[in-house]
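A.B. asks:
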């Protein structure tokens, strides 16, 4: 690996940042930066405003498929209900 691609970092416990995005055959979604704790409500916001809005133009016939990453957030009831209600989009 090229050493120019790496930088030194210092890890601390003052907070956290999660970077989320999606990748698909036809392109990729925007990077979403999430500071602080990741909650079910924030995950639903990502699904609604990032995934759903990106999938519609990429797969207008509804033949796209969302493949989760086995995150524990996907096991929460409200998230599972959202997927059940929007399964025709994916």
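In full-length UniProt numbering, the protein residues as written are 1 to 90.
Glycine included, C-beta positions come from ideal geometry on N, C-alpha and C.
1) Opposite residue 19 in the DSSP bridges: which residues?
2) Considering residue 56, what are the terminal residues of the alpha helix (DSSP H) in which it resides?
3) Where do the N-terminal and C-terminal ends of the alpha helix (DSSP H) with residue 6 fall, by residue?
4) Kindly identify the DSSP beta-bridge partner or partners of residue 28.
5) Three-state secondary structure (DSSP) at residue 83?
C.D. replies: So, to answer that:
1) Counting from 1 along the chain shown, the entry for residue 19 is found at position 19. According to DSSP, residue 19 bridges with 33.
2) In the chain shown, residue 56 corresponds to position 56, counting from 1. Here the alpha helix (DSSP H) through residue 56 covers 53-58.
3) Sequence index remark: in the chain shown, residue 6 carries index 6 (1-based). Here residue 6 belongs to no alpha helix (DSSP H), and DSSP marks it neither H nor E.
4) Position 28 of the chain shown, counted from the first residue, corresponds to residue 28. Answer is 23, bridged to residue 28.
5) On the chain shown, residue 83 is found 83 positions in, with the first residue counted as 1. Looking at residue 83 - three-state DSSP - the assignment turns out to be helix.
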